[in-house]
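Residue numbers (my numbering): 424 to 751.
Glycine included, each C-beta is placed from N, C-alpha and C at the ideal position.
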Amino acid sequence: MGAPHEFALPAVAARYFPPSSGKYEVKPGLMPLGTDFGNGAADKLTFQVDAGFAECRKVKQAARAERLAKYYQTRDFTPEIAGVVCRFIARRLAEEHSGLFALDERGDEVTLRCALTGETLRFDRAMQQVAGMAAEPAYADPFDALAAQVQEDLAVVRRVGGKDWACAIHLCFPYRWTAEEKIGLDYVTMHLPVPGMETFRKPGMVTNMIKFGPFTRFVWELCTDDRLNQHREPPPGIDPEAWHERPFDPRHPRLFLRVEREVLWGFPEHDAALLAVRISFRDGEEIRKDAALREPLCQTIESMSLEALRYKGLAENRDAVLAWLRGG
Numbered sequence: 424m425g426a427p428h429e430f431a432l433p434a435v436a437a438r439y440f441p442p443s444s445g446k447y448e449v450k451p452g453l454m455p456l457g458t459d460f461g462n463g464a465a466d467k468l469t470f471q472v473d474a475g476f477a478e479c480r481k482v483k484q485a486a487r488a489e490r491l492a493k494y495y496q497t498r499d500f501t502p503e504i505a506g507v508v509c510r511f512i513a514r515r516l517a518e519e520h521s522g523l524f525a526l527d528e529r530g531d532e533v534t535l536r537c538a539l540t541g542e543t544l545r546f547d548r549a550m551q552q553v554a555g556m557a558a559e560p561a562y563a564d565p566f567d568a569l570a571a572q573v574q575e576d577l578a579v580v581r582r583v584g585g586k587d588w589a590c591a592i593h594l595c596f597p598y599r600w601t602a603e604e605k606i607g608l609d610y611v612t613m614h615l616p617v618p619g620m621e622t623f624r625k626p627g628m629v630t631n632m633i634k635f636g637p638f639t640r641f642v643w644e645l646c647t648d649d650r651l652n653q654h655r656e657p658p659p660g661i662d663p664e665a666w667h668e669r670p671f672d673p674r675h676p677r678l679f680l681r682v683e684r685e686v687l688w689g690f691p692e693h694d695a696a697l698l699a700v701r702i703s704f705r706d707g708e709e710i711r712k713d714a715a716l717r718e719p720l721c722q723t724i725e726s727m728s729l730e731a732l733r734y735k736g737l738a739e740n741r742d743a744v745l746a747w748l749r750g751g
């Protein structure tokens, strides 16, 4: 797979600040896609593209070369569902970024020309097979090939006879969980470790994802490393101590707000939904110097239960983080 081509892309990623309310709440937080967050047209996009594409592509290439199954898993991801989702992704890319993606559905095959990667992907009419690029490792299927063209992680949820499960997870930017441990789980079980997720532990959340929308929602973390791939298992040859995120150290402070922008797009006629998850970071140095950001974040941390602090990794250093943020 070649290096990303040079294009005039937005210099910075769209910016979001989920803890703006100053109160820690765990809720579905589903908002219509296109809700104005101050990022202009980017807020309307399913797939956002900016100057961070090259880094996202590099990380995805490295993850796929390391061990594809570590980052990409499927479970009863039927050819029909896969074809529907992949056709949607290809069409959406061509619609949202016509200067970067060109889709041709005429003839016996479907062709997607991806200017950013220089790849031309050729699919069969059903979007169930892919050819056209000598990727390393070879693309497992069209979903894998399309995931390599975007800055988002991707997942698909299915429901059959009242049972839902994650049938595809392409997760090259993991943080708290991995594709291998979550594939095949229903939405309730998947979120059991999260304190306060009772709202998600109902079938209504999956129904909303599939039947309504599209939606966008946000998840945030405080972390001391802005590396995209935070898989618990380091790549071969890398020292685990060097790989794993370090606790916050007020003597050598590094802190980032890690934001997940999730776009949920349902396919009600197929009882399935696509999740596209974009990761961005905001430096803690910027936050501590801006009271409009600093105080809501500090108030949110102060409103957390001990259980929530433990889950977020803040139980041991809550006071140190607050002191550093307010010391700017």
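Judged by DSSP in its simplified three-state form, H593 adopts strand. Annotation for K483: A571, C595 place their beta carbon closer than 6 Å to its own, counting only its chain and skipping 5 residues before and after.
If you draw a straight line from the Cα of L577 to the Cα of L680, it comes to about 21 Å. In the structure shown, V579 falls within a strand segment according to DSSP collapsed to helix, strand and coil. In the DSSP assignment, A492 falls within the unbroken alpha helix (DSSP H) covering 476-494. Non-local C-beta neighbours of E489 in its own chain, meaning closer than 6 Å and more than five positions away in sequence, comprise P658, ordered along the chain. The straight-line gap separating the alpha-carbon atoms of A554 and A431 is approximately 28 Å. Pairing D587 with V579 gives a Cβ-Cβ distance that is not under 7 Å.
As the crow flies, the alpha-carbon of T501 is around 18 Å from that of A492. Burial is judged here by how many other beta carbons sit within 10 angstroms of a residue's own beta carbon; T497 has at least 16 and is buried. If you ignore the 5 residues before and after A699, its C-beta comes within less than 7 Å of the C-beta of T469, F470, E575, L577, V686, all in its own chain and listed in chain order. Annotated three-state conformation of P658 is coil, per DSSP.
Between A591 and Y494 a beta carbon distance of about 12 Å is seen, past the 8 Å cut, so the two are scored as non-contacting. Within the same chain, Cβ atoms closer than 6 Å to the Cβ of F546 are found at V533, V553, P565, the five residues on either side in sequence being excluded. Residues A525, T543 of the same chain have their beta carbon placed closer than 6 Å to that of R536, with the five preceding and five following residues left out of the count.
For W747, the enclosing alpha helix (DSSP H) has its first and last residue at 741-749. C-alpha of D531 to C-alpha of G707: approximately 52 Å in a straight line. Distances from the alpha-carbon of E478 to those of E518, N462, L539, E709 put L539 closest.
Per the DSSP secondary-structure output, I724 pairs with nothing in a beta bridge. Under DSSP, T534 forms a beta bridge with D527, R545. By the Cβ neighbour-count rule, V744 is buried, with 16 or more other Cβ atoms within 10 Å of its own.
Bounds of any beta strand (DSSP E) do not take in G707; it lies within the alpha helix (DSSP H) bounded by 707-711. With fewer than 16 other Cβ atoms inside 10 Å of its own Cβ, A665 counts as exposed. Counting every other CB atom within 10 Å of its CB across the protein chains shown gives R733 a total below 16, marking it as exposed. For T639, the enclosing beta strand (DSSP E) begins and ends at 638-646. As computed with DSSP, F690 is found in a beta bridge with A695. Of all alpha-carbon atoms in A436, E448, M628, K450, the one lying nearest the alpha-carbon of A464 is that of A436. Apart from the 5 residues on each side of it in sequence, V583 sits with its Cβ closer than 8 Å to the Cβ of D694 in its chain, given in chain order. Restricting attention to T647, L569, E519, E718, the CA atom closest to the CA of F440 is found in E718.
Residue pairing by DSSP places W666 in no beta bridge whatsoever. By a beta-carbon distance limit of 8 Å, S728 contacts P618. Their separation comes to about 7 Å. Boundaries of the alpha helix (DSSP H) around T612: 610-613.
Q722 is the residue among Q722, I702, Y447, S703 whose C-alpha sits nearest the C-alpha of R711. Under the DSSP assignment, E559 falls outside any alpha helix (DSSP H); it carries neither an H nor an E label.
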